[in-house]
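Engineer: Residue numbers (the numbering used here): 112 to 255.
Once you've had a glance at the structure underneath, I'll fire off some questions.
Encoded structure:
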């Protein structure tokens with residue numbers, strides 16, 4: 112009787128060809144680099160731009176709600192908000208765990224928006240499927 116032994120190499124090939132974790136992380140890193148490059152002239156990273164935008168949209172949401180909407184750990188979000196606060200882009204609401212954009216934060220978002228838009232348009236144009244389908248797939252992956 113012959114028993115096929117699965118080698119580490121066979122397993123690795125299986126993982127690299129099927130693993131959604133690997134594929135989504137790889138895609139996310141590639142896309143994040145493009146946004147980082149676009150935001151660099153404004154003294155921001157792509158993640159910082161996204162966080163400033165999330166604070167602008169959240170309109171006084173708690174840190175917990177903001178963390179949930181961004182799929183971030185609350186402690187990681189708090190640390191990043193603190194760094195943006197030190198730069199004068201966000202301010203913590205008095206006695207609350209809520210943040211708001213400052214006038215400097217609004218200026219940063221406004222000045223960086225055209226660069227973000229350019230990268231976004233470029234990525235969207237390179238997709239072989241429409242953005243709505245991409246959005247649905249990503250939402251499905253988030254809830255999986």
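All C-beta atoms in this analysis are idealised placements derived from N, C-alpha and C, irrespective of residue type, glycine included.
#1: From the DSSP output, which residues share a beta bridge with residue 209?
#2: Taking only the alpha-carbon atoms, compute the straight-line gap between residue 154 and residue 148 and give it to the nearest angstrom.
#3: May I have the straight-line CA-CA distance separating residue 254 from residue 218, to the nearest angstrom?
#4: Given 8 Å as the limit, is there contact between the stretch 180-200 and the stretch 114-128, that is, 3 or more CB pairs closer than that?
#5: Would the beta-carbon of residue 171 fall within 8 Å of that of residue 231?
#6: Contact between the stretch 179-196 and the stretch 159-167: three or more CB pairs below 8 Å?
#7: Where does residue 255 sit, in a helix, a strand or coil, going by DSSP?
#8: So, are the CB atoms of residue 165 and residue 180 less than 8 Å apart?
#9: Give me the Cα-Cα distance between residue 241 and residue 126, rounded to the nearest whole angstrom.
#10: Indicate the three-state DSSP secondary structure (helix, strand or coil) for residue 198 in the structure shown.
#11: Could you name the residues that DSSP lists as bridge partners for residue 203?
#12: From residue 226 to residue 124, what does the alpha carbon distance come to, in whole angstroms?
#13: By Cβ distance below 7 Å, which residues in the same chain neighbour residue 238 in space, the five residues on each side in sequence not counted?
#14: Alpha carbon to alpha carbon, how far is residue 205 from residue 189?
Structural biologist: The answer reads as follows:
#1: 173
#2: 10 Å
#3: 34 Å
#4: no
#5: no
#6: yes
#7: coil
#8: yes
#9: 28 Å
#10: coil
#11: 210
#12: 38 Å
#13: 245
#14: 15 Å
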